[in-house]
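Numbering (this note's numbering), first residue to last: 101 to 276. Beta carbons: idealized from backbone N, C-alpha and C, even for Gly. Presented below is the structure to which this report refers.
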Amino acid sequence: MRVFGTMLSFLIAMGGWACSAQEAPIPFGKIVRDTHLSAELTLPAGESSSSFSSSSSSRAVAPLERSMASFVRVPPVTYHKPMMSSFFLLNGLQAGMAVLDVETTHHCIADHHCQEGNPLMPSSQAGALGVNLGLVAYSTFVSHKLKKHGSKLWWIAPVAGVSSHGVGVASGLAHR
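Structure (structure tokens):
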């Protein structure tokens, strides 16, 4: 199947190169300089042409003639691809594992069975929660941006967080 797609692409490219109309000169001299385009402004029902006036100017827009531009004001359609449940599952699991990691570690430290393995982590429970949840929030933000832009690597940050906090939870439970 891949061979047929390659062959089709090659034939399309060769056909584009062989087209002599692409290199034909455009007769700009024959285009009339004062050519007027005819069009009209079509307003939605119930709106007047004065509703389209600029907010910076106080004067109303003059009524348009039928020979002027034809435009219909349509709001742009934006499509937001819904987030998958896997995104929320992984990032929620990461947040839960971060909290569980801090709780088991501080319970183990309080019983004098273990100590914090990260020398940069604050010694207080509130400080450790703040640092861990800040890292989880940043990881979720990066994951969201990657998923929003269609990257297939969006899952790496939450999985790394889940695995690192999983090691911390397992260590805390082992030294209980």
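Query                                                                                                                      : Result
CB of A228 within 9 Å of CB of T205, strictly                                                                              : yes
Classification of G261 by the beta-carbon crowding that lies within 10 angstroms, buried from 16 upward                    : buried
Burial state of G268, where buried means 16 or more other Cβ atoms lie within 10 Å                                         : buried
Selection from S239, S224, G272 and K247 that minimises the alpha carbon distance to P258                                  : S239
Euclidean distance between Cα positions of G272 and T178                                                                   : 48 Å
Status (buried if at least 16 other CB within 10 Å, exposed otherwise) for Q194                                            : buried
Check whether D211 and H265 have beta carbons under 9 Å apart                                                              : no
Status (buried if at least 16 other CB within 10 Å, exposed otherwise) for N218                                            : exposed
Beta-carbon contacts of H275 that lie in its chain and below 6 Å, excluding the five residues immediately before and after : C208, H213 and C214
Rounded C-alpha distance that separates V231 from E216                                                                     : 14 Å
Runs of beta strand (DSSP E) wholly within the region 184 to 217 (minimum 3 residues, chain order)                         : none
Sequence-distant residues of the same chain with beta carbon closer than 6 Å to A198, five excluded per side               : N232, V236 and H265
For K252, three-class secondary structure by DSSP                                                                          : coil
Simplified DSSP state of P175, which is helix, strand or coil                                                              : coil
8 Å contact criterion, which W254 and S243 should meet: CB distance rounded                                                : 5 Å
Minimum C-alpha distance to L246 - residue among G192, F187 and P176                                                       : F187
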